[in-house]
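Below: one structure, written as structure tokens.
This is the structure in structure tokens:
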């Protein structure tokens, strides 16, 4: 582990003129080194460079904050270029993707929507799809994508748990049924949630109770429907990463999400997860 962990803002000194960081800086110090304002989050550090690699970045507390083997275009960074706190992060990632990897800029928002629509149609065909709609970003995006792709083959279930903002349930229904034309079943389950939560004080236990209650109500509504073959979910790539970490046994439980849980095994649906390779930001 590192002698001193780094969490939050740090200033990186670019070293040895790497292709990745060349002419990318927030300021220049008196020695002519480029300085980068970055975001750190680590309690361990690299203590020895691999064979064939050179040092490309350091901080006062972390000598090897970046290294590279430019013959094979391998780079390692201790800081987070993907977060907005790293001011030049986008420029660093762009340099790597377009200049070093020579990737074409052909992945646009329009292309993503077009490709996802085709994938949904190819997977679902003429079959019916069920989606749990919360009104949040992930499930809302999936609902609109599915509606554009398969129209009336989609049925959404919106579980009103009584814990929403004032008039939020009405707003969700108006947005998706009246404005967009999606078929949405509203399950008014306020009392069920109140009763389930009434004797519990622990926040983590409450989250798990809410998750189970959602599954119970969703299951009840799903059983009323016929000929549903597919279950759609608003899974995004961070969910996939967290799931992999949990499966490894090395992930820590920070908090459980109220809308994440397993459906009963007797519900034999095939999953549709059009956003599973995308990040939200």
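Residue numbers (UniProt numbering): 1 to 281. Heads up, the beta-carbon is just placed ideally off N, CA and C, and yes, glycines get one too. As the structure is a computational prediction, the values presented were derived from the model and not from experiment.
Close-in-space but distant-in-sequence residues of the same chain around residue 189 (CB under 8 Å, 5 per side omitted): 159, 160, 161, 162, 213 and 217
For residue 270, the first and last residue of its enclosing beta strand (DSSP E): 270 to 272
CA-to-CA distance, residue 145 to residue 28, given in whole angstroms: 47 Å
Touch test, the region 202 to 213 against the region 98 to 112, Cβ-Cβ under 8 Å, three pairs minimum: no
Reference residue 185, options 54, 136, 156 and 49, closest by Cα: 156
Bridge-paired residues (DSSP) for residue 288: Only positions 1 to 281 of the chain appear in the structure, and residue 288 is not among them; the question remains open.
The region 65 to 73 touching the region 110 to 129, judged by at least three CB pairs closer than 8 Å: no
Among 215, 15, 195 and 67, the one whose alpha carbon lies nearest that of residue 51: 67
Paired residues, beta bridge with residue 176 - DSSP: Its beta-bridge partners do not exist; DSSP assigns none.
Expected contact under 8 Å - CB spacing of residue 26 and residue 35 to nearest Å: 6 Å
Range covered by the beta strand (DSSP E) that runs through residue 155: 154 to 160
Meets three-Cβ-pair contact criterion under 8 Å: the region 194 to 206 and the region 125 to 137: no
Which residues DSSP lists as bridging residue 35, in chain order: 13 and 27
Buried or exposed (CB count within 10 angstroms, at least 16 for buried), residue 279: exposed
Separation of residue 143 from residue 226, as counted between CA atoms: 19 Å
Rounded straight-line distance, which links the Cα of residue 86 to that of residue 282: The displayed coordinates of the chain run from 1 to 281. Any statement about residue 282 would go beyond what the structure contains.
Neighbour-count burial assignment, residue 252, 16 or more Cβ in a 10 Å radius: Low confidence applies to residue 252: its pLDDT is 46, below 50, so where it sits in the model is not reliable, and the reading given next is rough at best. Answer is exposed; the Cβ neighbour count stays below 16.
Bounding residues of the alpha helix (DSSP H) (the contiguous stretch that carries residue 211): 203 to 223
Coarse secondary structure for residue 193, derived from DSSP in three states: helix
For residue 133, three-class secondary structure by DSSP: coil
Minimum length 3: unbroken beta strand (DSSP E) runs contained in the region 39 to 98: 54 to 58, 66 to 69 and 74 to 77
Anticipated Cβ contact below 8 Å, residue 12 with residue 92, distance rounded: 10 Å between Cβ atoms; not a contact.
Whether residue 129 touches residue 81 by CB criterion (9 Å): no
Exposure of residue 75, with buried meaning 16 or more beta-carbon neighbours within 10 Å: buried
Cα-Cα separation between residue 57 and residue 42, rounded to whole angstroms: 15 Å
Span separating the alpha-carbon of residue 276 from that of residue 195: 34 Å
C-alpha gap between residue 141 and residue 53, whole angstroms: 43 Å
Length of the line joining the Cα atoms of residue 271 and residue 230: 6 Å
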